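Under this note's numbering, think of the first position of the sequence shown as 12, with each following residue one higher.
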Amino acid sequence: MRSKEKIFIGVVLFYITCLFFPVITGLLHIPVWFPSILVSVILLAMYPKVVLRNKTFYWLMLYFLIVFLFIIFGRTVKLDIGRSSSYVQLIIEYAFLLPNVIICLILLYLDDYRIVTILMKSTVMIIIVSFVVLLVLIGNVDLRRLSTAYENDIEVQTPSFINYTLLHVYALLIPVVYYCCVKINGLYKYLCIVLLVLLSYVVYKSSITASLIIGVVSLLLSISLSSKNIHRTVFFITVLFATFIVFYYSGVFVSILKGILPYFEGSAVEEKIEDALFLLSTGESGGSFAAREDLHQRSWDSFFSNILIGGGMAGGHSSLIDRLATMGLLGFIPYFMIYYSIIKQWVKHFDRFGKRYYYLGVLSVVVMLYSKGLFGQEGNLVFMVLMPLFIMFPDTFLQRMDSK
């Protein structure tokens, strides 16, 4: 392996470490976007031709240009980074997308199983250690209170070792980590099982409704996809769907929700469960469900008032619809094409079995982008880099055996 590739691995692991250990930027008192910009500059200087030859980079530049022009001309732009001035939004949007796209394009170009192996072995350990540190430090911090505060738009002082966006995206890793549990043998199979358990536990403790739903549903679907026999898979999914219908019409869901309600007392999830019980009992939405519908409808109304450039008003609770509402198709199409072109390039590297779990992960990402108003650099790292690498990870063991 050349020195250049070793430096690339080191830079990528530095970036991953900074994101999974937000305490680093907190202790150093540096902006969260600084490591992203630093990594982008280093990698772009190392692999300029690789990045510039890929069409995805030009979709990214077009999107950046459109966001820049919207802000220059005084248009309201709602991105998934909370409350900030327009120019701060611009800088952070660049920082949240650019390094992940560059890392993704370089990995696609290098296509080296040795790099994938080193990155994934290190990343699995980084995430596990980050969870251990989080669970040790979290004793004096109530994640449920934190999630409730965010749900109700209340300002809270967040400890530097807790990243609220990161708490959302943990659930997105469940399908691909489960895939590794099924495919890998030996030590890393057990490490992936430990990682899956820790992911599930932190998702539960976070009490973030969207993450809980995505986590549970994606885990059930991951189990149903674990058989390579397509007929067995279809049968399992059919049974799941039939069970859902029976539970819905027989009132079992109401009993289940009433049973789990005490476990989420005092959290944002408690209100959502009460709203779900009201919906199942009366057929009418209310509370947080109705509020969410109103926010989404506000964004849709803004988009349809000016389909080309958006109406400028956003509900603020959907990364996808808010971009349509404030930038219209002019800004949304290049944003969509960044993700689409990355998916199109990665799937060429997966077998049919791996594609199932990758597409399940992509579906989880779409649900998260639609249902939540934040995704951040953590979400982009998971989608553009970690999800594909987890799918490729089991195959690197086979390639290493073949090369011996």
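Using N, Cα and C, we set each Cβ at its ideal position, and we do this for glycine too.
All of these numbers come straight from a predicted model, not from anything done at the bench.
* To do: Along the alpha helix (DSSP H) that carries W357, what are the first and last residues, could you check?
  => 330-357
* Asked: Can S310 and L380 be called in contact, C-beta distance under 9 Å?
  -> no
* **Pair within 9 Å by beta-carbon distance, Y74 and I267** => no
* To do: Report the three-state DSSP secondary structure of M324 (helix, strand or coil).
  => coil
* When the Cα atoms are used, what is the spatial distance from L49 to I27? -> 13 Å
* Just to confirm, are F386 and V78 a CB contact at a threshold of 9 Å? -> no
* Coarse secondary structure for T399, derived from DSSP in three states -> At residue 399 the sequence reads Pro, which differs from the Thr that was named. Three-state result, P399: helix.
* To do: Report the rounded CA-to-CA distance for V23 versus H40, giving the unit in angstroms.
  => 21 Å
* **Cβ distance (whole Å) where A106 is taken to contact S47 below 8 Å** => 4 Å
* Asked: For L109, does the count of other Cβ atoms within 10 angstroms reach 16, so buried, or fall short, so exposed?
  -> buried
* To do: Count the other C-beta atoms from every protein chain shown that fall within 10 angstroms of the C-beta of N174, then say buried if there are 16 or more, exposed otherwise.
  => buried
* Asked: Taking C-alpha atoms, which residue in G323, F404, F394, R363 lies nearest to F84?
  -> G323
* Asked: Under 9 Å between the Cβ atoms of D123 and M12?
  -> yes
* **Straight-line gap, S237 to L76 (C-alpha atoms, nearest Å)** => 43 Å
* CB of K60 within 9 Å of CB of S352, strictly -> no
* Asked: Taking all protein chains shown into account, do 16 or more other C-beta atoms lie within 10 angstroms of the C-beta of V135, making it buried, or fewer, making it exposed?
  -> buried
* Where does V78 fall in DSSP's three states? -> helix
* Asked: So, are the CB atoms of G342 and G326 less than 9 Å apart?
  -> no
* Asked: Just how far apart, CA to CA, sit P186 and Y346?
  -> 24 Å
* Beta-carbon separation of I113 and L207 under 9 Å? -> no
* **Nearest-angstrom Cα separation, counted from K194 out to I204** => 12 Å
* **Extent of the continuous alpha helix (DSSP H) run through Y190** => 185-194
* **Outcome for S222 when other beta-carbon atoms lying within 10 angstroms are tallied against a minimum of 16** => buried
* Measuring CA to CA, which of S382, I103, L119, I35 is closest to L397? -> L119
* Could you tell me which of N196, V88, K383 sits nearest to E304, measuring between CA atoms? => K383
* Distance, L202 Cα to T337 Cα -> 43 Å
* Euclidean distance between Cα positions of S316 and I102 -> 28 Å
* Run through DSSP, which three-state label would S58 get? -> Just to set this straight, residue 58 is Tyr in the shown sequence, not Ser. Here Y58 sits in coil by DSSP.
* Could you tell me the distance, in whole angstroms, from the CA atom of F314 to the CA atom of V144? => 43 Å
* Return yes when the Cβ of F394 is within less than 9 Å of the Cβ of N111, no when it is not. => yes
* If you draw a straight line from the alpha carbon of Y215 to that of T128, how long is it in whole angstroms? -> 30 Å
* Asked: With a CB to CB cut of under 8 Å and the five nearest residues on each side skipped, what residues in its chain are close to Y368?
  -> P186, V187, Y189, Y190, S233, L236, I402
* Please name the residue, chosen from E16, F45, F19, I18, that lies closest to C29 on a Cα-to-Cα basis. => F45
* Exposed unless 16 or more other CB atoms sit within 10 angstroms - verdict on P42 -> exposed
* Exposed or buried, A182, counting other C-beta atoms within 10 Å across all chains shown (16 or more means buried)? -> buried
* Exposed or buried, which one is Q388 when buried takes at least 16 other CB atoms within 10 Å? -> buried
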